[in-house]
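Enquirer: FYI, in our numbering the residues of the sequence shown are 15 to 323. Pasting a structure below so you can have a look.
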Amino acid sequence: MELKQLEYMIKIAEEKNITKAAEKLFITQSALNQQLLRLEKELGTQLFFRSRSNWHLTRAGEIYIENAKKMVRIKKDTYNQINDLIEIKKGLLRIGLTPERGPEMFAAIYPIFYKKYPNVKIEPLEMRVKQQQHEISLGNLDIGFLTLQEFQKTNDKYIHICSEDIILAVPKAHPLSHKGRRMGETLPEISLDCFKDDSFAIMQKGSTLREIYDNLIAEEDFHHHILLETRSGHNLYHMVAEGICCSIFPISYAKDNSNVSYFLIKQKPVWEVCASYKKDSYLSLVAKDLIKIATDYWSIKLKDFDKNG
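Right under this line is the structure:
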């Protein structure tokens, strides 16, 4: 069983299409098909149900791909350990980034990383936290950069980067805005119950921030009028700044604006910025240094908000 053959079969399973898989592997479709037919003949069974637009695994295929990924991961871990031992700084890191905040972080940290490791290629992939967790569990990501609370963690490994307050923002026209503070000042604590009759902008379902919001509201036993659901934390801030509604979001989205008053929430929700990787896999020294660079980035980014930490 050749490792190259394992990688070929994994790619067909990922793409669910032999033509697309061949393109990604930079080989001809006919060469890839011959590899598959030879393997199926050796095994005595089909690995894929074929259709024009969607190939999917047979039960035998599921067993093969599951173990193929384990073998490819063992190879990668072995090479990483040897590279660390003899101080070879090369290879590929596939990293997960949350939409919006992830690319902002990557744009800041990649130039620093590249100067130290010009021969290490990084493949950044944008996806939500839960999708990252799924890809990490499959071994498809080397590192995922995530924001979540403890109850949202899986059985894989997590490295703490920093903690970040989740705060309440209300427009200046709100009757209670005078009790709040501007960013840079110590924020007062208030209950979301005081705003139960107000409209809110919140994150879309499926996000870790939305799950945190839903839990906070469940504790208070009421429901806000939801004016807007979005995938952007910047949109949440701008809705408040324009005087349209209230919102809750991570403190790093807050800006010092006379049109916005900020509060700490009674339950004092905090989420964790962390790096995650597959349980029982080897984290290379290069990967650890990338996480260190990301930690330095977040330390600088959040230093202006330490009064509320």
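Cβ atoms here follow ideal geometry from the backbone N, Cα and C, with glycine treated the same way. Just so you know, these numbers come straight off a predicted model, no measurement behind them.
Taking DSSP as the reference, what is the three-state secondary structure of residue 59?
Expert: Note: residue 59 maps to coil in three-state DSSP.
Enquirer: I'd like the list of long-range same chain contacts for residue 231, defined as Cβ closer than 8 Å, with 5 residues on each side in sequence excluded.
Expert: Only 206, 237 and 238 meet the Cβ criterion.
Enquirer: Report the partner residues of residue 285 according to the DSSP bridge assignment.
Expert: For residue 285, which the question treats as bridged, DSSP gives the partners 178.
Enquirer: Which residues in the same chain as residue 212 place their Cβ atom closer than 6 Å to its Cβ, once the five residues preceding and following it in sequence are excluded?
Expert: Result list for residue 212: 260, in chain order.
Enquirer: What is the C-beta distance between residue 91 and residue 295, in whole angstroms, given that I count them as a contact (C-beta under 8 Å)?
Expert: With 8 Å as the limit, residue 91 and residue 295 qualify as a contact, their Cβ atoms being about 6 Å apart.
Enquirer: I believe residue 23 touches residue 53 by the beta-carbon criterion, under 8 Å. Please report the beta-carbon distance rounded to the nearest angstrom.
Expert: Yes, residue 23 and residue 53 are in contact; Cβ-Cβ is about 7 Å, under 8 Å.
Enquirer: I need the boundaries of the alpha helix (DSSP H) containing residue 202, first residue and last residue.
Expert: Run containing residue 202: none; DSSP gives neither H nor E here.
Enquirer: Helix, strand or coil for residue 74 per DSSP?
Expert: Residue state, collapsed to three classes: helix.
Enquirer: If I measure Cβ to Cβ from residue 14 and keep anything under 7 Å in the same chain, skipping five residues before and after, which residues do I get?
Expert: A query on residue 14 cannot be resolved here, the shown segment of the chain reaching from 15 to 323 and no further.
Enquirer: Given a threshold of 16 other Cβ atoms within 10 Å of its Cβ, counted over all protein chains shown, does residue 128 qualify as buried or as exposed?
Expert: Counting Cβ neighbours within 10 Å, residue 128 comes out exposed, since fewer than 16 surround it.
Enquirer: Bridge partners for residue 197 per DSSP, in chain order?
Expert: Residue 197 pairs with 199.
Enquirer: Please classify residue 141: does DSSP put it in a helix, a strand, or coil?
Expert: The answer is coil: DSSP assigns residue 141 none of H, G, I, E or B.
Enquirer: Excluding the five sequence neighbours on either side, which residues of its own chain have a C-beta within less than 6 Å of the C-beta of residue 323, listed in chain order?
Expert: At residue 323, the pLDDT of 41 sits below 50, so the modelled position is not reliable; the number obtained from the coordinates is stated separately. Cβ neighbours of residue 323 beyond the five flanking positions: none.
Enquirer: Using three-state DSSP, classify residue 263 as helix, strand or coil.
Expert: Note: residue 263 maps to strand in three-state DSSP.
Enquirer: For residue 66, does the three-state DSSP call read helix, strand or coil?
Expert: Three-state DSSP puts residue 66 in coil, outside helix and strand.
Enquirer: Could you check whether the stretch 139-146 touches the stretch 105-122, counting it as contact only if at least three pairs of C-beta atoms, one from each stretch, sit closer than 8 Å?
Expert: Counting Cβ pairs under 8 Å, three or more are found: they touch.
Enquirer: Would you list the residues sitting across from residue 160 in a DSSP beta bridge?
Expert: Answer is 288, bridged to residue 160.
Enquirer: Where does residue 279 fall in DSSP's three states?
Expert: Residue state, collapsed to three classes: strand.
Enquirer: Out of 45, 98, 30 and 39, which has the shortest C-alpha to C-alpha gap to residue 61?
Expert: Taking only the C-alpha atoms, the option nearest residue 61 is 30.
Enquirer: Identify the residues that DSSP records as bridge partners of residue 27: which are they?
Expert: According to DSSP, residue 27 bridges with nothing at all.
Enquirer: Roughly how many angstroms separate the alpha carbons of residue 34 and residue 187, rounded to a whole number?
Expert: When rounded, the distance between both Cα atoms is 55 Å.
Enquirer: Output the boundary residues of the beta strand (DSSP E) element that contains residue 313.
Expert: From DSSP, residue 313 is part of no beta strand (DSSP E) but of the alpha helix (DSSP H) over 299-316.
Enquirer: Taking residue 108 as part of the beta strand (DSSP E), name the residues at either end of that continuous run.
Expert: 105-111 is the span of the beta strand (DSSP E), which, as asked, contains residue 108.
Enquirer: Would you say the beta carbon of residue 112 comes nearer than 8 Å to a heavy atom of the ligand MG?
Expert: The ligand MG is absent from the structure shown, which contains no ligands of any kind.
Enquirer: To test your reading of the DSSP string, which unbroken beta strand (DSSP E) runs of 3 or more residues are found completely within the stretch 221-276?
Expert: Taking only runs of at least 3 residues, the beta strand (DSSP E) segments lying wholly in the stretch 221-276 are 239-244 and 260-264.
Enquirer: Taking the beta strand (DSSP E) that residue 215 belongs to, which residues open and close that run?
Expert: 213-217 is the extent of the beta strand (DSSP E) around residue 215.
Enquirer: Would you call residue 157 buried or exposed, if buried means 16 or more other Cβ atoms sit within 10 Å of its Cβ?
Expert: Classification of residue 157: buried, given that the 10 Å Cβ count is 16 or more.
Enquirer: Rounded to a whole number of angstroms, what is the C-alpha to C-alpha distance between residue 234 and residue 293?
Expert: Roughly 36 Å between the two C-alpha positions.
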